[in-house]
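In this note's numbering, the protein residues as written are 538 to 722.
Backbone N, C-alpha and C fix where the C-beta goes; we use that ideal spot for every residue, glycine too.
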């Protein structure tokens, strides 16, 4: 058990026998009336987002989430295979749990696998990853960084918008939270 004053981004709460991850929280102290905490919660299993308000200091039940450093090995067609870096055990994770993280995972890259009571909840990646552009249309003479964007495909098969001056074979940094181009690596 924790109080609403202890909330942090990424914390997993157990509300009505469902697991909810705290996406955002804000402590509000209005001029009139008691303080409260406004949160944005994401259902761990369904991915549904809801806004919920708690009175300040109210006890909330926290879920025990085991976050393990694992290495992504390969995709066998339906499942993604991860290896625990501590004991070298392999773990199969379904595509529905991996979700959009598959767009940024290269074989032999590290990720954090969050588990609750032996079941995998979600995959956490670093805020940004470096990927190589495998296909994009060639740029034109005079293209500048602020003149527009074009589609590019990276080595994982993910397609995103990049500046016109980028060419095939360039390594770029991609934000894993939004899927957007950050800069050249």
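Residues that residue i bridges to, as DSSP identifies them
i, result
"residue 702", "DSSP output for residue 702 lists no bridge partner at all."
"residue 631", "616"
"residue 575", "563, 590"
"residue 693", "Partner(s): none; residue 693 has no beta bridge."
"residue 607", "621, 648"
"residue 539", "597"
"residue 580", "557"
"residue 686", "700"
N- and C-terminal bounds of the beta strand (DSSP E) containing residue i
i, result
"residue 652", "646 to 653"
"residue 665", "665 to 673"
"residue 708", "708 to 712"
"residue 661", "656 to 661"
"residue 640", "Element bounds for residue 640: n/a, residue is neither H nor E."
"residue 718", "718 to 721"
"residue 550", "549 to 552"
Outcome for residue i when other beta-carbon atoms lying within 10 angstroms are tallied against a minimum of 16
i, result
"residue 658", "buried"
"residue 609", "buried"
"residue 648", "buried"
"residue 640", "buried"
"residue 576", "buried"
"residue 563", "exposed"
"residue 550", "buried"
"residue 581", "buried"
"residue 642", "buried"
"residue 565", "exposed"
"residue 776", "Coverage of the chain is limited to positions 538 through 722, which leaves residue 776 absent and any answer about it impossible."
"residue 587", "exposed"
"residue 664", "exposed"
"residue 541", "buried"
"residue 611", "exposed"
"residue 705", "exposed"
"residue 632", "exposed"
query = Counting Cβ pairs, one atom from each stretch, are 3 or more of them under 8 Å apart for the stretch 613 to 623 and the stretch 585 to 602?
reply = Verdict: no, contact absent.
message = When you compare the stretch 647 to 661 with the stretch 696 to 707, are there three or more beta-carbon pairs, one atom per stretch, that lie closer than 8 Å?
response = Verdict: no, contact absent.
query = Between the stretch 704 to 718 and the stretch 663 to 678, do at least 3 Cβ pairs fall closer than 8 Å?
reply = A contact between stretches requires three or more CB pairs, one per stretch, nearer than 8 Å, and the stretch 704 to 718 meets this requirement with the stretch 663 to 678.
inquiry  = Quick test of the definition: if touching needs 3 or more C-beta pairs under 8 Å, does the stretch 624 to 634 touch the stretch 558 to 574?
reply    = No, the stretch 624 to 634 is not in contact with the stretch 558 to 574.
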